[in-house]
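Novice: Before I ask anything, let me first share the structure, which is written out below as structure tokens.
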Amino acid sequence: MKTKRVLVTKKAAEVIAQLKEKHGELMFHQSGGCCDGSSPMCFEKGDLMLDDNDVWLGTIEGCDFHMSKDQFEYWKHTQLTVDVTPGIGSSFSLEIPLGLRFLIKSRLYSEEEAEHLEPIRIGA
17 MKTKRVLVTK KAAEVIAQLK EKHGELMFHQ SGGCCDGSSP MCFEKGDLML DDNDVWLGTI
77 EGCDFHMSKD QFEYWKHTQL TVDVTPGIGS SFSLEIPLGL RFLIKSRLYS EEEAEHLEPI
137 RIGA
């Protein structure tokens, strides 16, 4: 079985479902430090232009999850879990008007997990 690179908590999955109802298809991009630090940002699918500097890590709740190549170099040894917490971030992410913000929890892969990672894709 392949090791997923990105997971999502039940609470975050509920917020994603709520956002999908309102906005339709969504996408995530792990922010590299602009605006709200290094938070996962949620957009309507296609609202953020992706290019060869972005890495696709997988999907959460049917939504593509990307980050920049440079940032991936730092995080490639970690499994990411998208969670949500009360608070207002200073980004353009869709959950902000709900008084919530997505956040990332991470942990290093075990040796066995690292041997079976799901493949990544470069670019959109």
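Everything in the sequence shown is counted per our numbering, starting at 17 for the first residue and increasing by one. C-beta: ideal position from N, C-alpha, C; glycine also. Predicted, not measured: the structure shown is a model, and the values here were computed from it.
(1) Once DSSP output is grouped into helix, strand and coil, what is the label at D86?
(2) Is the beta carbon of V71 sitting closer than 7 Å to the one on K61?
(3) By alpha-carbon positions, which one of L110, G74 and R137 ends up nearest to I32?
(4) The beta strand (DSSP E) spanning H45 covers which residue range?
(5) Three or more C-beta pairs closer than 8 Å, one from the segment 129-137 and one from the segment 18-25: is that the case here?
(6) Run through DSSP, which three-state label would I138 get?
(7) Answer with buried or exposed for H93, where buried requires no fewer than 16 other C-beta atoms within 10 angstroms of its C-beta.
Specialist: The short version:
(1) For the purposes of this step, residue 86 is taken as the residue at position 70 of the sequence shown. Shown here, D86 sits in a helix according to DSSP, grouped into three states.
(2) Here residue 71 refers to the residue found at position 55 when the sequence shown is read from its first residue. Here residue 61 refers to the residue found at position 45 when the sequence shown is read from its first residue. It is not a contact, given that the beta carbons lie outside the stated cut-off.
(3) Taking the sequence shown and counting its residues from 1, one reaches residue 32 at position 16. Of the listed residues, the one whose Cα sits closest to I32 is L110.
(4) As a position in the sequence shown, residue 45 is number 29, starting the count at 1. Segment L42 to Q46, the beta strand (DSSP E) holding H45.
(5) Taking one beta carbon from each stretch, the segment 129-137 and the segment 18-25 have 3 or more pairs nearer than 8 Å; the two touch.
(6) Counting from 1 along the sequence shown, the entry for residue 138 is found at position 122. Correct three-state label for I138: strand.
(7) For the purposes of this step, residue 93 is taken as residue 77 along the sequence shown, with counting starting at 1. H93 is exposed by the Cβ-count criterion.
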